[in-house]
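Just below is one structure, and these are the notes that go with it.
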Amino acid sequence: MTDSDVKAMTADIEVPSFKVAAFTSPVKLSEAKVAIVTSASLHHPDDEGFSPGDVGYRVLESNKRDYVLGHWSPNFDAIGYALDINTVFPIDRLDELAARGIIGSVSDKHLSYAGNQFELSAIRMDSGPAGAKFLKEQDVDIVLLTPV
Amino acid sequence: MSTLAHIFEAAGMATIALGSVKDQIKNAAPPRGLWCDFPLGRPLGIPQNAEFQHRVLAEAFSLLDSKQTVFKEYDIAIRDEGTEVMACALPPRHDPKAHPAVDEANGLRPAYERALAKYGNRIGAGRTIPSEQISEAIESFIRVAEGTPWKEAGVPGIPARVSQDIRGYYETAALALSDHAPEAWAGTRWFLDHTEAGKVVLSARQAMADAGEKQPIWFYMVPGDR
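Residue numbers (our numbering), protein chains in the order written: chain A, 1 to 148; chain B, 1 to 226.
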């Protein structure tokens, strides 16, 4: 069993296409508020976990670190995250970049979705735009997206 | 992930998407995509290595300098050779009357509890069955491996999800039995190839496949390349 064997299984998975790719010119990084959006199904133990096929999102807060990896796929290594949440959710690294003035600030709120979805219409039409609206309301300028 | 990048970008935020599978991120074409050839589950590369993670982030943020959509390959790859296995001491036999896998799972409980206390339940074990029922779940898979149809074997949930909890219990316990950050998949290989419970899960999966059970019921009990 190797990582490349597992990755090879995804070779035939179709990816969605966007006829027109949106492009937003970023504000200056040193003035930008940055948020993380992950598809690792992270959630706080006090929040509802992700069910298989869950197309919703959960809000992650910057001041917490006890997030559960709620992804239902067996096809990734979980021990890296267990040892260091920054392996998937690099919140400490962003805090350090903000302290050094490299990024403007770190958003208090971040988002988590469940990756490994094959039916994406609900995310494209509903929970994706809703999550984007939520982060816009937090005055987020730049979004870093991380998978598992 | 890349789908969300398109959506968030359209809402007026600049995005940078990290991707671990080249074809996926390249074909989905997020506005700014950085393919990092790192093992699945480790998009920032190396746990407990802030310097490495910062280097990845610096490369990611550098994509913001582009005036148009951009795809880039990170210049360092982390390849899993499929050889490293976590070196975790397994408990000695305690109850000779118990199946070796059940005895083993019970013997690992102190390690599981220590890991929970130190790291929390980050792996997410216990989503289908509480950890107190791990032994019963293993016993049900033993019956499946011996030929009992899974619906009659007392499997306490969808087999793939129950298996996920057994693996999570073992990999959580492994955190307390190792003193370094292992390479990716080393914990999974330890569980599947070096523990009695892993053998039971694989045997039960094979038995279900041989019995003609629906593929989604058993296939996802372990990583799909097994």
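Idealized CB from N, CA, C, for every residue including glycine.
Listed along chain A, the residues sitting closer than 9 Å to Leu175/B by beta-carbon distance are Ile79, Ala82, Leu83.
Counting the other Cβ atoms within 10 Å of the Cβ of Glu104/B gives 16 or more, which makes it buried. Sequence-distant Cβ neighbours of Tyr81/A in its own chain, meaning closer than 6 Å and more than five residues away, are Leu69, Thr87, Val88. The beta carbon of Val140/A is closer than 6 Å to those of Lys33, Ala35, Ser107 in its chain, skipping five residues each way along the sequence.
Between Cys36/B and Val21/B, the C-beta gap is not smaller than 8 Å, which leaves the two residues out of contact.
Straight-line measurement puts the Cα of Leu177/B at about 43 Å from the Cα of Ala130/A. CA-to-CA, the gap between Thr188/B and Lys67/B works out to about 42 Å. As a beta-bridge residue in DSSP terms, His110/A pairs with Leu60/A.
Proximity of Ser4/A to chain B, defined by a Cβ-Cβ separation below 8 Å, is satisfied. With respect to Pro43/B, Pro74/A sits apart: the two C-beta atoms are not nearer than 8 Å. Under the 8 Å criterion on CB atoms, Glu84/B is classed as non-interfacial with respect to chain A.
In this structure, Arg161/B sits near Thr128/B, with a CB-CB distance shorter than 8 Å. The three-state secondary structure of Gly107/B, taken from DSSP, is helix. Between Ser17/A and Tyr220/B, the alpha-carbon positions lie close to 27 Å from each other. Residues of chain B whose Cβ lies closer than 7 Å to the Cβ of Asn75/A are, in chain order, Leu40, Pro223, Gly224.
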